[in-house]
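Contents: one structure, followed by commentary.
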Amino acid sequence: NWTFMLYFGADTRDDYVTSSLDNSGNWLAAAMLTTMTYLEWYDILASSTSNLNIIAMFDHPYAPGDPSGRAKIYDIRTTGRIELVDYGPKDMGHPSTLRDFINYCKTNFPANNYALTLSDHGRGYAGLIYDYHAPHESWDYALGDCLSLPEVELALSSAGGVDVLMLDICQGGSYELMWQLRGEARYVVAGETLQTHKALYHPRDILYTLSRDTSMTALELAQVAYDFAVAPDRVPSDPYYTAQWPTATLYELSRFEAIPITGGYSLFYAFTKLSEYLYYEVLNNLTYAREVFIPLRSQLSYPTSAFKSKAMLVDLGDFVTTLLEHSDELYYQTEIENYGGEVLARLALGSIGPIRSHAYKPAYVGKNLTGFSICFPDTRDMYQEYLYANLYDEFDISDDTYWDEFIFSIYPPGSNFLNIPIPEFFEEIQFYLGPIDPTIHLDIYIDAVQYEQPLHIGYAGPITSTGIGMGLEVDIDGASFEDTLVQGSTMVRIPVSSIPSFSKSISQDIQVVVNASTAASATQDVNLTVRHIDSTGILWEDSKTSDIQVGQVISTNVSTTDEWTDWEELAPPLPTKRFNGIDTTTASISIIFITVVTILIFRRRKVK
């Protein structure tokens, strides 16, 4: 009836593991190994194995013979574990590893129901399952890779999903993660705050009970998992930590979109509309919105036993409650009160919302937490926690709602956002114009929602034969602008990691403008080359040419996914006078043949 999958990311780090490759002493690995051993020795009922499969993937940490760790798959039985697969070094933070493990279990140990436990570190929206020896996704100098939220979804969806998911990690009760996993798991048990080491022993209680009643339904097993998070039994005792998880919640993810019979909105719709009007509040008056929301955010404080300061997390219900206390200060008061009230109603226990059960320990978390954490920065430091640039933009919640526009308008990235010297790795987009009349200038624009105007690289005023007006603007961190002037060539370099993380798709468009409005000479040839490079070399390169006349302004868009549009005219040429004073444009008849080229560009679009 059941196949129970254990995904043990034991090749991980703790506070005592830093730059050394030797992480063999990390306490998480010791706890996971104890759990697996005690399942065999004490917990599983021997007669249950005909109706219950227990399969574990355990990534062993450093050993002298395995300096990069070693991952194995085991069949857990009362007679001892049976080694099924020896992978050698394996990246547990890669979605294909999790996907392949689930597929292996479903293929070789088919069952009516599937449960999955993920055990290791967790960081809410920032990811989970940190493999210490795996290469980092973006930065060569960083040890470790982890599963981002889209990667967890990808692994589950490509393997057909699971019935019950247990997140025996810190900060697993992430609103962004649960939003992402709708459709991939029926029930999830997790805690929104930091956890103690007791969470790593969670499978012992669950499998002790399941092995004695293998006829459980998915909901019954999920309830058992929740009950033993609230009141664990088979966990080591110590004088410093109580057995109960600081927070524990049972989620039914299909109820995100459940509409109450008595009227009202689903949590999915209510939160979507609430985020929309919060963003409208920002658009209405950005300066005033910051005067309201920055002090409001400062009221949402929690002890470090709940959320570390750099986590930039708040409790969703706590935020909405505090928001409604300040609704009379808002322009869209009526709409925010309406949809905010609906969000709180759907978060309440006993409602039709996704939270079926919830418990917390006030001594650890300090106040009434309602079951979901959500990212809401109170400084710019949160960007230091990103696994890679633009991480938050790739979440479904960023595609479906305006939450990301709202929070990043209140606290945009700081001046040092991902722009520290990284000699081992870099990635940038380069723009080269020329040779051309020096009075024809190059401008780069990138839209960023938190600013009233697009970010700009180029001259702040016109270039004329007498000089440059208003100086130079370089609005993007780490970007450079080089103009030889006399030779008529311009180079702009933009670090990809500094491109604002406010695009609503994986791709960000960069507008390139060639401006001849103050050109000193007649028709010129425009030669523009764009390169996308990193530390390994040129990833993509292309060139475009065009004619440009005095007074004309032309534009093209280049995306960060290496797509390039045709030239577009933004301003026409100035009329050219003949010697008798008649405009050449009125003294000639032009027959213009227009070729329409349709370019189909397939990319991920924002749902909203």
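691 is the number of the first residue of the sequence shown in this note's numbering; add one for each residue after it. Idealized CB from N, CA, C, for every residue including glycine.
- According to the DSSP assignment, A912 belongs to the alpha helix (DSSP H) that extends over 908 to 920.
- The three-state secondary structure of E1231, taken from DSSP, is strand.
- Taking a C-beta distance under 8 Å as the contact criterion, A801 and M695 do not qualify as a contact pair.
- When secondary structure is reduced to three states using DSSP, Q1201 falls in the strand class.
- In this structure, DSSP gives D835 an extended state, which the three-state scheme calls strand.
- Looking at the backbone, the Cα of L1039 and that of M856 are separated by about 20 Å.
- Separation of A908 and T797 (C-alpha to C-alpha, rounded to the nearest whole angstrom) is 20 Å.
- Exposure of E1172 is indicated by the presence of fewer than 16 other C-beta atoms within 10 angstroms of its C-beta.
- Between L986 and L1013, the beta carbon gap of about 7 Å places them in contact (Cβ cut-off 8 Å).
- Note on the stretch 839 to 896: whole alpha helix (DSSP H) runs with a minimum of 4 residues are 839 to 848, 865 to 870, in chain order.
- DSSP assignment within the stretch 1039 to 1105 yields the following whole beta strand (DSSP E) runs of 3 residues or more, N-terminal first: 1045 to 1050, 1063 to 1065.
- E1118 and L1081 have their C-alpha atoms some 17 Å from each other.
- Note on geometry: alpha-carbon atoms of P1263 and D1127 lie some 16 Å from one another.
- When the Cα atoms are used, Q934 and G1227 turn out to be separated by approximately 52 Å.
- Per the coordinates, the alpha-carbon of Q1201 lies some 11 Å from the alpha-carbon of F1121.
- Note: N743 is bridge-paired with T693 in the DSSP secondary-structure output.
- Of all C-beta pairs linking the stretch 831 to 849 to the stretch 1015 to 1028, fewer than three are shorter than 8 Å, placing the two stretches out of contact.
- Of the other Cβ atoms in all chains shown, fewer than 16 fall within 10 Å of the Cβ of N1058; this residue is therefore exposed.
- P825 sits in a strand when the DSSP states are folded into three classes.
- Under the DSSP assignment, V1240 falls outside any alpha helix (DSSP H); it carries neither an H nor an E label.
- The residues V854, Y877, V879, L940, in chain order, have a CB closer than 7 Å to that of A912 in the same chain once the five nearest residues on each side in sequence are set aside.
- Note on geometry: alpha-carbon atoms of R1221 and D835 lie some 28 Å from one another.
- Boundaries of the alpha helix (DSSP H) around T724: 717 to 728.
- Residues of the same chain with a CB within less than 8 Å of the CB of M726, apart from the 5 flanking positions on each side, are L696, F698, A746, F748, Y764, I766, R771 in chain order.
- The beta carbons of P1185 and K1051 sit no closer together than 8 Å.
- With a threshold of 16 other beta carbon atoms within 10 Å, T1174 falls short and is exposed.
- Excluding five sequence positions before and after N1217, the CB atoms of its chain that fall closer than 6 Å to its own CB belong to T1235, given in chain order.
- Collapsing the DSSP output to three states places S786 in a helix.
- Inclusion of L884 and M722 in the CB contact set at 8 Å is not warranted, their separation being larger than that value.
- Distance between T787 and K780, taken at the CA atoms: about 8 Å.
- Assignment of beta-bridge partners to D756 by DSSP yields A753.
- Secondary structure note for Q1023: its alpha helix (DSSP H) is the uninterrupted segment 1023 to 1037.
- Approximately 19 Å separates the beta-carbon atoms of A1049 and L943; this is outside 8 Å, ruling out the contact.
- Within the same chain, H1222, I1223 come within 7 Å of L1229 by CB-CB distance, once the 5 residues on both sides are set aside.
- Contact annotation: the stretch 894 to 904 touches the stretch 728 to 744, with at least three C-beta pairs closer than 8 Å.
- If you compare the alpha carbons of E1019, T886, S1099 with that of P929, the shortest gap goes to T886.
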